[in-house]
Structures are given as C-alpha cells and as structure tokens.
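Every number in the numbering used here is 1240 more than the matching position in the sequence shown, counting from 1.
A virtual CB, placed ideally from N, CA and C, is assigned to each residue, including glycine.
Heads up: the structure comes next, in structure tokens.
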Amino acid sequence: MSERRDLAERFADILFRYQKLWLAISVALTLGLGFFIKDLRIDNSVEVLFQKTSPIVQAYKKFTRIFGNAELAVIAFRDERGVFHPEVLDEIEHLTNDILTKVPHVENVISLTNVQVLDRTEDGFTVRPIVETTPDPLTTDAGRHELVKRAQEEPFIRRTLVSDDGTTTSLVVKTVYLEGNQTYRQELTNALRELLEPYREKYGTEYYLGGPPVFLTYFDEYILQDMLTFGPLTVLIMFVILFLTFRSWIGIVLPMGVVAIGAIWTVGFMGAMGFPITLATTIIPPLLFVIGLEDAIYILSFFRKEAIASDDAFTRARNTAAHTNIACFLTSITTAIGFGSLMITDINAVYETGMVSAVGSMAVWASNNIILPLVLQWIPYNVRDEETEEKLEHGLLQRFLDKLLEWNLAHPWAVLMFGLAVAAAFIPGMMHLKVETNFVKYFREETPIYQAQQFIQKNLSGVAPLEILVDTHEPDGMLNPDVLHEMDDIERVLREDPIVDWSFGTQDFFELMHKYVADDPSQPITDPALLSQYILLYQISGGGAGLEDFLDTDRQYGRISARLQDQPTSVLKHTLGRVQARMDETTSGATYQFADNTAMLVSIVDAMLLNTAESLLIASVVIFLLIWIYVRSALISLLFMIPNLIPVGAVLGVMGYTGVELNISTMMIGAVAIGLAVNNTIHIFAHFPRSLVHANGDLDEAAHETMHTVGRAAVSAGVALLAGFAVLSFSYFYPNVYFGALSAFTMVIALVCDLTISYTFWILLGKRGYRGPAHMQKG
C-alpha cells in the first residue's frame, strides 16, 4: 500500500481508536472558544484598517489629543425663507440648546445663533455672534440679505454653516474624544435621531444627519443587519441544497451541525484574539458554512458508497474517514493558504480577515473530518431502495454530466483550446483594475446616511474631511511668520484645487485680526509680538472658542482644515499628493502631517493593488509546491494550476471590464478564488489515477466512474458555494454585494473548468498511456 494510503489509514485508526479523546477535545474547544464570542464587537472606524503603530494613526491620535475629537456630527436642513429668517433662527437656537443639554458626548455645538465673528471697532475689533452684526432688523429683507452677504465674506462660515444661496444651514456638533469607547458614536447618534423627531413634527423640517460618528454608526448598524440576514438565509439555502443532494435527514442535520461547531471555534477564536467585526469580516460566517459544507458533501457522498458496500456501521464510517481525510485536508489547507496570503497586507482589517478565515478553514476541516466520521458510526443509515438509487444515478444531473464527459472524450483538444482562448480574453480586463476606498459609495443610494452625505455636499461643502497637523516643536512656534507663510502656501494649494470646497487654517485667524487692526492690512505679518497682541485682544474681546480649535494654549501646534468633495480615490490621491509635495518643500523646521480619515483611506490605495498581486502570487506558489509534494510530479502540478488560475484571471478581468473597483472586500477575491477553486480539482486529480487502475486502463470507464463519484459531488458543492456567496447580494454594502456576485461567478467558472479542462488533461494523458504517479494509483 502506498505511503499516502498508509497515512490515511493511520489517521483513521488513530481517530477511531481514541475517539473519546477526540470528542472530549471537541467539546472542550466548543465550550472554551464559545465563551469568547461574547467579547465580539463591531468597529468600522478607519483606524481599524491600520496597525496601531502606523504613523498616520499616530498623527491622528496626536491631533485628537491636542484639538479634541475630529469627528464632527452635522445636522443640515434647507428652508426657502432663508436661514436668517427669525423663525428659522428660533428653530436653530432651540435645537442648539437641546443638543448641548440632552445629547451625550457633546463638547460644543456651532450654529448660526452662536458662531462668532470679528467686528470692526474704533480700537480694532471685537468678537460677537454674527446675528448681532447687522444694523437692520432680521424681520426685514434688508437685514437678512446683509447677514447672508456677511456670511459669504467669513471664511469660517461660508459653505460650512451657510450655503451660497442662504437657504441651507448646518449645526456642527463637536464630540468628546473617547479613545477605546466603542459605544459613544452609537449613543450620540441615537440621541440625535431621537431629538430630531419632535422637531420634524413641530417645524415640518427635513433634517439630514451626517458626519463621521453618524456615518460609522450606520456602518455598524447595517453590518449587524447584514449578519442577521446572512445567517438564517445561508442556513436555509444550505438546507435546500443538502436536501436535494442527499434526500435524507442525515444528509441535512449532520453537515449543518458539524459546520456550526467549526464556526463556533472560528468566531470564538476571533473574540479571543480581540479582533473586531468589520466590513471585511462580515463575509466569514457564510464563507465558513459554504466551505464546510463542501467537504461535508464529499464525505457523505463517499459514505453513501460505503453504505452500499457494507452493512457494518463502524466499517463504513472508518472507511469513509480513510478515503476522504487526505483529499479534504488538501482542499482545506489550500483554502487556508489562499486566505492566509492576505496576511501579507499592511491593511489591518484585511490581515485579520485573512487570519480568521485561514483558521476557520482548518476549523471546519477538523469538525468535518473528526466529528462527522465518528458520529456516522452511530447513525442508523439504510440504503435507499433500488428504484430511488436508479433515479439518483441516472437523473437529469447525471445525464448532463455524462453528455459533457462524452464531449470531453471525443474532442479533448477542442475543449482545451476553447477554454484557454476564453481565459485569454479576460487578460485585457485585468489591466484596467481600479482601486476605490470611498466609504460613502459603499452604501446603497436609498439609505439615510447616503442621502444625508449627498445633501450636505450638494448644498454646503464636501463630506471628505482633511486635517493637517502643524507641529513647530517649541512653545510660541506658531507665532513664527515663516511658519504662517508656509501654511498660507499649503492652503493656497488646497484652495486652487477644484475638489476642495472649503479650507481654513490657524494663519487665517491671524490674517482676519490683522485685517481689522493693521494700518495697512496688505502688508504681511512679520512681528511675532504683534501676533501675541492679536491673541490677547481676541481673548479680551470675548473670543476664544474658535481660536482654541486652531491653536493650542502653548502656541506650538496649529492646523489646516479642509472639506473635499466625494471623489474617486485616484482624484483624492492626486490632490493630497500636490499638498504633500508642498509640505515637503517647507524650510521653517515645522512638521506638517495629514491627520484624518480621508488621508488614511488614500494612503492604502497603492497597498491594496500591490497586496492583491502579492497575495495571489504567494497563494499560487505555495499551493503549487503543496500539490507538487502530494503528487510528486512537476507536470501534474503545472496542469493542476491551469484550471485554478483561469477563474482568478476571469474574475479580475470581469472586474476590470465592468468597472468594479478593488476595495476592502473585493481585494480579497483573488485569494478566495484560488483558495476555493482548487478544491474540486484536488478531488478529481486524486480520484482519476485510481479509477484508471481499477478500470485496467480503460479510459472511458475511468472517466465515467470519476464523473459519477466526484462530478456529482463537485456540482453539489459548487452550487452550495455559489448559493452561499449569492447570499451576500442582500447586503446593505455594495462591496459585499460585489464580493458575493464575483465569488459566485468565480465558483461557476471554477466548476466549468474542473468538469472540462481538468478532465481533458487526464483524458489526453490517459490516451498516451499515462496513469499518473505510482503512489496515486493505489487505494
């Protein structure tokens, strides 16, 4: 007997000899890891994409320590009477006060009723609310028109609190920074939504609630809804597929049960590691079910054959374990390799998804190949009557497979050439792949958060925040005119960019004060002492809140804030690249760093494309080497890879042709494709040589036996994978919808390649008298 069979037999012997121990270990793992499921949390903040030591994350956290939380909630609405109409201002004032007093985690609210501006006096300037700066009463058109005109002249107000036409306004809610608190965004958003309801009824106003904390709350809520949808729907679909495949309760209950155990181990591992649930990891539960059921279908298919051959429950269960464990191990380890290749990425969420999915692949292998065979020996199983078996053996599916096989046998070269020609057609599409990390476009258009973000951008300013942290490395460093000049140059680059709707920096505060105090405002500021006087005058005049948002108490740190339009990542990358180039040219000694979510997302664009290529290369090489070790033949290993690389090229080509971008979810499609596509190929390549020996070299008989044994199981497993991925089309998020659709497409291509190209290779080899490596011909 071959070494491979010896290994398989030894595994079966150890499994059944120490079955109580294996079952005890399984129970302990289920209880132990199940305990950590309670520690799971949902977190979709942009920071989870990065390692905590990432420079851009460190800059973001440094920014929040100095200037407070950069996550601002925004409430926007439109009133055709104008935002300075007395009744509208009354609405704004009441809403502002209620937010400050009734909503948790709020540090401050900036609105038209409390925002302060500089106003000229004989001695220079004073600071007072903008609504008090007009000499005409607000009950008159002249008074309201004067305020709209004044608002358009104030860089801090224009397009942030007042639209250009004066009919749209916003309330900007600054939140308290709570590092490590995973619930404050949800509590804040819920309180704001609850607060706005009676206002809608009282004033008849349509409020649009947006901003990062609200956006991330919707993200978390929709992910939870996705999970509640995916779970039951996946179970239902798998139930139907198992019923149609096996037509018995054993074929339904046992696979679902053992795969559920593997899922508990995996999700518990995730909780034990402290990994959060993110957009990327939401695909893991349905993924585990379809991966696990694929192996379960093969195991039960072979068990059915053993049940026909033997009446002894122990013998047929043990023989099933011996027959399937190596092939199932290979399918699971190659799937784990595909997922594990994602761990080379610098994107933290993808790294965690790769690790958890790889562990999950082996967890469902263990539950399938340890628990399932042991349970099968205790389950009464009666072979169906001959009539039922005849219908199953010669049903519509089997007749289709027989016809397909006849075509493969008659025209192997035509099948092979046609398949390779179709594969080549996808190559140009791969050259057009694009990367996109626009989180707003992840949502469906009918969702409230999408509509709110679009309303804010259309009527006020862009929804992509940009923050630049300025560190002069010494107290009073922000009073250095050279630093202010550099900041003005950097902001000029922003103002000249067509996608930048608004910008404001520390130097703008000083220039506004200079405008009211200096004898000749056109002359630049050159005296740091003069800036100190401006600050003192501003504070004496009753200001402080606005300046404190742009200058720390030691005057070491400053900032430039901007609002960018919602644009493709490539456009944002170009804008940030121009700004970065100007920051690199500074000579004052100050440090300029991006410190916001937008810059974080743009920074991973190049990494996503590179990591996709790297993970595919690593997975392909490792899988090739693993198959080489198994089959001990370079030729067979190369032939093995061809039908498995075609689905990868096909899905990437389709993405390029259709414009589906690489994002946090779809960048994993290549690794998933190659990790899952190999499974059916392994079973075919493992079975065909043995069939040739058993058929005494009769190629037709061997091909038909393999198709009857492996082909039908391959179709059932392929349909299970396709249906499992199709469940993702019900997601609230387009990346998951695309991931599910593309994965389902990949499974179809992989199945077609296995039922045609994989068989064609063996047919061509068999016609030349080749029966495969010697050690694969036995058993």
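Alpha carbon of residue i to alpha carbon of residue j, nearest angstrom
{"i": "Trp2002", "j": "Ala1935", "result": "14 Å"}
{"i": "Glu1626", "j": "Ser1550", "result": "The pLDDT assigned to Glu1626 is 49, lower than 50, so where the model puts this residue is not dependable; a value taken from the coordinates is nonetheless given after this. Near 16 Å, if we compare the C-alpha coordinates of Ser1550 and Glu1626."}
{"i": "Asn1720", "j": "Pro1768", "result": "6 Å"}
{"i": "Tyr1774", "j": "Thr1793", "result": "14 Å"}
{"i": "Gln1392", "j": "Arg1399", "result": "8 Å"}
{"i": "Asn1559", "j": "Val1950", "result": "17 Å"}
{"i": "Gly1980", "j": "Val1596", "result": "18 Å"}
{"i": "Leu1456", "j": "Val1412", "result": "17 Å"}
{"i": "Leu1435", "j": "Glu1333", "result": "14 Å"}
{"i": "Phe1546", "j": "Arg1556", "result": "It is worth fixing the name first, because residue 1546 is Glu in this sequence and not Phe. Between Glu1546 and Arg1556, the C-alpha separation is close to 5 Å."}
{"i": "Ser1701", "j": "Asp1741", "result": "5 Å"}
{"i": "Ala1431", "j": "Phe1985", "result": "43 Å"}
{"i": "Ser1351", "j": "Lys1301", "result": "26 Å"}
{"i": "Leu2030", "j": "Asp1460", "result": "The displayed coordinates of the chain run from 1241 to 2019. Any statement about residue 2030 would go beyond what the structure contains."}
{"i": "Arg1952", "j": "Ser1266", "result": "31 Å"}
{"i": "Asn1609", "j": "Arg1250", "result": "14 Å"}
{"i": "Pro1375", "j": "Leu1387", "result": "10 Å"}
{"i": "Gly1600", "j": "Tyr1870", "result": "23 Å"}
{"i": "Ile1739", "j": "Leu1812", "result": "8 Å"}
{"i": "Gly1450", "j": "Leu1468", "result": "25 Å"}
{"i": "Thr1353", "j": "Gly1406", "result": "15 Å"}
{"i": "Trp1618", "j": "Ser1998", "result": "37 Å"}
{"i": "Glu1788", "j": "Gly1308", "result": "10 Å"}
{"i": "Ile1501", "j": "Ala1264", "result": "13 Å"}
{"i": "His1944", "j": "Leu1645", "result": "7 Å"}
Paired residues, beta bridge with residue i - DSSP
{"i": "Arg1639", "result": "In DSSP, Arg1639 forms no bridge with anything."}
{"i": "Gln1833", "result": "Leu1709"}
{"i": "Val1357", "result": "Arg1368"}
{"i": "Lys1414", "result": "Leu1312, Asn1348"}
{"i": "Arg1398", "result": "Val1402"}
{"i": "Ile1517", "result": "Ile1282"}
{"i": "Ala1704", "result": "Leu1804"}
{"i": "Arg1318", "result": "Thr1408"}
Start-to-end residues for the alpha helix (DSSP H) that takes in residue i
{"i": "Thr1809", "result": "1809 to 1824"}
{"i": "Thr1574", "result": "1553 to 1580"}
{"i": "Lys1278", "result": "Taken as a continuous stretch (DSSP letters only), Lys1278 belongs to no alpha helix (DSSP H), as it is neither H nor E."}
{"i": "Asn1720", "result": "No alpha helix (DSSP H) contains Asn1720, which DSSP labels as neither H nor E."}
{"i": "Asn1976", "result": "1974 to 1993"}
{"i": "Leu1436", "result": "1424 to 1443"}
{"i": "Thr1374", "result": "Thr1374 -> no alpha helix (DSSP H), and no H or E assigned at all."}
{"i": "Tyr1258", "result": "First-last for Tyr1258: undefined, no H or E at that position."}
{"i": "Pro1764", "result": "Unbroken run through Pro1764: none, as it is neither H nor E."}
{"i": "Glu1393", "result": "1381 to 1393"}
{"i": "Arg1487", "result": "No alpha helix (DSSP H) holds Arg1487; DSSP gives it neither H nor E."}
{"i": "Lys1545", "result": "1524 to 1549"}
7 Å Cβ cutoff met for residue i and residue j
{"i": "Val1918", "j": "Asn1884", "result": "yes"}
{"i": "Ala1957", "j": "Glu1534", "result": "yes"}
{"i": "Ile1844", "j": "Ile1517", "result": "no"}
{"i": "Thr1270", "j": "Ile1490", "result": "no"}
{"i": "Met1670", "j": "Gly1896", "result": "yes"}
{"i": "Ala1576", "j": "His1923", "result": "no"}
{"i": "Val1499", "j": "Gly1532", "result": "yes"}
{"i": "Ile1584", "j": "Glu1854", "result": "yes"}
{"i": "Phe1579", "j": "Gly1915", "result": "yes"}
{"i": "Lys1414", "j": "Leu1312", "result": "yes"}
{"i": "Gln1693", "j": "Val1680", "result": "yes"}
{"i": "Tyr1756", "j": "Arg1360", "result": "yes"}
{"i": "Gln1697", "j": "Asp1806", "result": "yes"}
{"i": "Ser1781", "j": "Val1323", "result": "no"}
{"i": "Thr2000", "j": "Asn1678", "result": "no"}
Span of the beta strand (DSSP E) around residue i
{"i": "Phe1744", "result": "1740 to 1745"}
{"i": "Ala1802", "result": "1797 to 1804"}
{"i": "Glu1347", "result": "1346 to 1350"}
{"i": "Gly1951", "result": "Here Gly1951 belongs to no beta strand (DSSP E), and DSSP marks it neither H nor E."}
{"i": "Gly1450", "result": "1448 to 1450"}
Any contact of the segment 1791 to 1802 with the segment 1701 to 1714, i.e. 3+ C-beta pairs under 8 Å? With the cut-off at 8 Å, the segment 1791 to 1802 and the segment 1701 to 1714 touch.
Does the count of Cβ pairs from the segment 1338 to 1348 and the segment 1873 to 1882 closer than 8 Å reach three? A contact between stretches requires three or more CB pairs, one per stretch, nearer than 8 Å, and the segment 1338 to 1348 fails this requirement with the segment 1873 to 1882.
Specify whether the segment 1885 to 1903 and the segment 1597 to 1614 touch according to this definition: at least 3 beta carbon pairs, one from each stretch, less than 8 Å apart. No, the segment 1885 to 1903 does not touch the segment 1597 to 1614.
So, do the segment 1817 to 1830 and the segment 1720 to 1738 have three or more beta carbon pairs nearer to each other than 8 Å? At 8 Å Cβ cutoff, the stretches touch.
Using 8 Å as the cut-off, can you tell me whether the segment 1744 to 1755 makes contact with the segment 1846 to 1866, which would need three or more C-beta pairs spanning the two stretches below that distance? Short answer: they don't touch.
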